[in-house]
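Structure first, commentary second.
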Amino acid sequence: MARERRRTLRAPDLLAIPLVGRYLRWRHARTSAQVVLLLMALVLSYDGFFGPPLAPKNVAGVLPWVHWRGLVVLTLLLLGNWFCFACPFLLPRRLAQRWFRPQRAWPGRLPGKWVAVLLLLVFFWAYEAFDLWASPFLTAWVALAYFVGAFVVDGLFRGAAFCKHVCPIGQFNFVGSLLSPTQVTIREPAVCASCRTKDCIRGRFSPQGTLLQRGCELGLFQPRKVGNLDCTFCLDCVHACPYGNVGIRLRLPLHDELDLERNRSGIGPLTGRTDWLLLVVGLTAIGFLNAFGMVSPVYRFLSWLARVLGTANEWLLIAILFAGGLAILAVTVIGASWLTSRLARRGSTGWVARRFAYTLAPLGFGMWAAHYLFHFFTGALTILPLAQSFVRDVTGRALLGEPNWQLASLFSLQTTSDLVVLVLGLGVAGSVLWTLWLGRQEEFTLGALLPWIVLHASLFLFGVWLLGQPMEMRGTLLG
Ligand code: SF4
Ligand code: SF4
């Protein structure tokens, strides 16, 4: 453990890079990034409510579903959770905190991630049931609902209740950031050991008691923070620490998260967190279901289901598809856990599940990333005609030139297909390596780990099959 700590401490620190570090240490760095995304959200909402109804020609039909999702997963994989850093939904929420000065704690009856898990399920069901990706108008409503949600929740409850307990996007980013190559962490443990004020979590106050700088609202105490879970990269701890002892270190993806028994500040040991476990398993299942929802076999399956059940109610059929997919993965996880506990002659089914089910996270995120990157790579260049057409619609003049709607893909379809399979492959590699690492810690034989390796391999092959199907070219006019 000490060796791991030393390795993290020696890793390069983004705050030490001349221009980057200077920008990130700037007090208004986060606000400046949020303002940029807020302007984009305003353009998106305006076009969604008042622009053309055809999704590929509307900012709200393309920007969130092609560019934003693709860039989120790419950034998580290559840089870190910088989209939470730049989250525009938190700007109005800051006003709510200032106006209402909420003192109430988040209700103890809704602990952890339960609300967020429920919202994730509802959101992705609604995404398929209402074809959100094809409706700029509904997409604009979703964006508005997000702003209102953050405003109301953080106007009612103190701290970062919305980020920690409610925001489905945030939970997605937290799980994805397991694979990120950066983390906010302390520089020198000895400095923290002698620190009396603990401003990184308490915040910094003037002698009169006025809050000068927030501490970590997510409840992550730097010296005991482990990995990236629950960290929004808000950098409040960086600004609050009076000794400049918080940095943003490069690291190996998954490096600090491997050990599930570690007591994480603000979270506890992951083996004791059923909500986190369901979040990981649920996100993995929905990741595959969401990709399944855009290939042609899903339509054949839904028509078959409609004939068998004698109903054409699409909302019900999609709910059944979702429930079925979640149930299949849950039963498979329970089956793999039972087999491993029998083969290893150690622990109960639940004990194994509370450890090994987390190893689905890299593969699950790999599926999300492969799916979102497919849309991004096949539609990235649509941003040019989209901007041209938006400016023409708003000003009545083609100030940026006439849009060329043939512009779409970054790469050829073959290169895109190869790249997304590679991303899924990295995901399954992460899952298998994590399984082997846990198995070594518990001194399990390879045979006892086989149920998990077979599960990861089967999901990977299913993912490759999904990615090989003709997919809907969302956000472009070329499909
Ligand atoms: S990170 Fe800074 S404020 Fe927090 S305990 Fe360490 S030295 Fe103190
Ligand atoms: S204040 Fe908390 S959430 Fe923000 S960067 Fe620091 S540890 Fe992460």
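Position 327, counted from 1, in the sequence shown is what my numbering calls 331; the numbers after and before it change by one each time, with no gaps.
Think of the CB as a built atom: it goes at the ideal place given N, C-alpha and C, for glycine as much as any other residue.
Asked                                                                                                                                                                         : Found
Please write down, chain order preserved, every residue whose beta carbon lies under 6 Å from a heavy atom of ligand 2.                                                       : V188, C220, L222, L224, K229, C235, T236, F237, C238, L239, D240 and C241
Check each candidate in P246, P257 and Q212 and name the one with the smallest Cα separation from L233.                                                                       : P257
Just the C-alpha distance for S421 and F141, rounded to the nearest angstrom, thanks.                                                                                         : 31 Å
Are Q473 and P301 touching if we call contact CB-CB under 8 Å?                                                                                                                : yes
Within 10 Å of its beta-carbon, does S416 have 16 or more other beta-carbons around it, so buried, or fewer, so exposed?                                                      : exposed
Taking 6 Å as the limit between beta carbons, can you name the residues of its chain near W118, skipping five residues before and five after?                                 : D279
For a quick check, are the C-beta atoms of G370 and V432 less than 8 Å apart?                                                                                                 : yes
Let me check you understand the geometry: is the CB of D17 closer than 7 Å to at least one non-hydrogen atom of ligand 1?                                                     : no
Examine the Cβ distances between the region 245-263 and the region 167-185 and report whether three or more of them are shorter than 8 Å.                                     : yes
Would you say Q226 touches ligand 1, meaning its beta carbon is less than 7 Å from a heavy atom?                                                                              : yes
If you check the beta carbons only, do T363 and W456 fall under 8 Å apart?                                                                                                    : yes
Does the region 136-154 come into contact with the region 56-75, if we say contact requires no fewer than three beta-carbon pairs (one atom in each stretch) closer than 8 Å? : yes
Would you say the beta carbon of D51 is closer than 7 Å to some non-hydrogen atom of ligand 1?                                                                                : no
With a floor of 4 residues, list each alpha helix (DSSP H) that falls wholly inside the region 187-215, ordered by position along the chain.                                  : 193-197 and 203-206
Just to confirm the assignment, what range does the beta strand (DSSP E) spanning L254 have?                                                                                  : V250 to L254
Answer yes if the region 399-410 comes into contact with the region 338-346, meaning at least three C-beta pairs across the two stretches below 8 Å, and no otherwise.        : no
In the DSSP assignment, find the alpha helix (DSSP H) that holds Q226 and state where it starts and stops.                                                                    : That residue, Q226, is in no alpha helix (DSSP H); it is neither H nor E in DSSP.
Assuming E221 and A164 form a contact by the criterion Cβ under 8 Å, report the distance between their Cβ atoms to the nearest whole angstrom.                                : 4 Å
Verify the contact flag: I190, CB atom, against every heavy atom of ligand 1, threshold strictly below 7 Å.                                                                   : yes
On the three-state DSSP scale, how would you describe P298?                                                                                                                   : The sequence given here places Met at residue 298; Pro does not occur at that position. M298 falls in the coil class under three-state DSSP.
List the whole-angstrom C-beta distance separating T275 from R359, where the pair is believed to meet the contact cut-off of C-beta under 8 Å.                                : 6 Å
If I follow the unbroken alpha helix (DSSP H) through G370, where does it start and stop?                                                                                     : L364 to G383
With burial defined as no fewer than 16 other Cβ atoms inside 10 Å of the residue's Cβ, what is the status of V24: buried or exposed?                                         : exposed
Can you list, in chain order, the residues of its chain with a C-beta nearer than 7 Å to that of F296? Leave out the 5 residues immediately preceding and following it.       : V302 and L470
Using DSSP bridges, identify the partner residues of G272.                                                                                                                    : R268
Please report the straight-line C-alpha distance between D17 and N249, rounded to a whole angstrom.                                                                           : 11 Å
Compare the beta carbon distance of N294 and F128 with 8 Å and say whether it is the shorter of the two.                                                                      : yes
Give the DSSP bridge partners of M44, in chain order.                                                                                                                         : Note: M44 sits in no beta bridge, so no partner.
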